[in-house]
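Protein chains in written order, with this note's numbering: chain A, 11 to 49; chain B, 11 to 323.
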């Protein structure tokens, strides 16, 4: 059961990582749009 | 970040300490957590020991933390850049910016603009009872909210609106700030500006919201007998009195100036011009008639006949 809990937690953190990465990508895209406007 | 200082537009993400495949420099399209694939396969290994799983969990968690830090940094930089851009824009056209603020509030859904994945958007993740999860979840939600607060379509503010200005003489006792231009307007605001003791009135075309044209009317600071009407945008319909020379049909030119600031002087000049023109016309007619021998003869005959009649009576 410990292993199952760990695997579940790992899944959750991993999914969160993925979403945060996507957010970061979007944020970077938006940042670049702004930067191009300024240049 | 202080916007007045020369703005450093690099993101300065400390990626050296980050052991994943994050880009060292922006822009980069692909940002991926390096463990996504690796961990997945490890879940499937049934005989994976608990210590190894813990180790993996720690590693992924630390990676998670670093991504969050990066995200916070990007957000800060984005915000700074955004403020800087807004400042520049307001310097360019402070009045337009001020008026457009209410419309900016009616922005499109920021999540839509950002295109967040649905799972994150709704804040739903896998179920877990651990405190760590709740902490992470809360942090993530907070960061998402932070991100959302700074979002709006950056390209919208770059749409150019055609602006034209019209100067109209007005009775100084008239406080209605009405400029008759053939269109119907709905007043939606009035404010006192720093540079002018007279208030400025804001109007929208009565066909709004389908017609985007706006009008600002204010007395000239130099000459209060002149109303300065500034039109923004182009009517997408015909005016009720289109033939009356509506001001906004001249929108093509950036500024239409009917110089009536020195009205009296100008009118006197106009009168002089007209008088001179009439004199010249009369002289031209006289010379052309005297050069015409038939006309001279007819005139002489008429005068002679008249004289003869008078002498008879």
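Note that the Cβ used here is the ideal one computed from N, Cα and C, for glycine as well.
Rounded to the nearest angstrom, the gap between the Cα atoms of residue 64(B) and residue 74(B) is 15 Å. Look at residue 208(B) here: in three-state DSSP terms it is coil, with no helix or strand label. Assignment of residue 175(B) by DSSP, reduced to helix, strand and coil, places it in the strand class. Within the segment 172-185 of chain B, not one residue has a Cβ closer than 7 Å to any Cβ of chain A. Listed in chain order, the non-local C-beta contacts of residue 211(B) below 8 Å within the same chain comprise 187, 197, 199, 200, 226, 227 and 228, local neighbours out to five positions each way being set aside. Residue 96(B) has its alpha-carbon roughly 33 Å from the corresponding atom of residue 26(A).
DSSP places residue 218(B) in the coil class of the three-state scheme, outside both helix and strand.
A Cβ of chain A is located within less than 7 Å of the beta carbon of residue 91(B). Distance from residue 195(B) to residue 216(B) at the Cβ level is roughly 6 Å; contact confirmed, criterion being Cβ atoms closer than 8 Å.
Counting along the chain, no alpha helix (DSSP H) covers residue 193(B), and no H or E run does either. Secondary structure note for residue 308(B): its alpha helix (DSSP H) is the uninterrupted segment 303-322. Residue 14(A) and residue 70(B) have their C-alpha atoms roughly 17 Å apart. Residue 12(A) has a beta carbon lying within less than 7 Å of a beta carbon in chain B. The Cβ-Cβ distance between residue 235(B) and residue 183(B) does not fall below 7 Å. Chain order gives no chain A residues near residue 237(B), where near means a beta carbon separation below 9 Å; the closest approach is about 36 Å. The residue among 208(B), 218(B), 222(B) and 245(B) with its C-alpha nearest the C-alpha of residue 238(B) is 208(B). For residue 65(B), the three-state secondary structure derived from DSSP is helix.
For the segment 59-73 of chain B, the residues whose beta carbon sits under 9 Å from a beta carbon of chain A are, in order, 59, 60, 63, 64, 66, 67, 70, 71 and 73. Proximity of chain A to residue 78(B) at the Cβ level (cut-off 7 Å) is accounted for by 30, in chain order. Taken through DSSP and simplified to helix, strand or coil, residue 239(B) comes out as strand.
In this chain, the beta strand (DSSP E) harbouring residue 227(B) covers 224-229.
In the DSSP annotation of this structure, the continuous segment of the alpha helix (DSSP H) that includes residue 40(A) starts and ends at 12-48. Nothing from the segment 188-202 of chain B brings a Cβ to less than 9 Å from some Cβ of chain A. Rounded to the nearest angstrom, the gap between the Cα atoms of residue 33(A) and residue 233(B) is 55 Å. Rounded to the nearest angstrom, the gap between the Cα atoms of residue 91(B) and residue 203(B) is 29 Å.
The alpha-carbon of residue 29(A) is positioned some 35 Å away from that of residue 100(B).
Inter-residue distance for residue 86(B) and residue 18(A) is about 33 Å (C-alpha atoms, whole angstroms).
Residue 245(B) has its alpha-carbon roughly 13 Å from the corresponding atom of residue 213(B).
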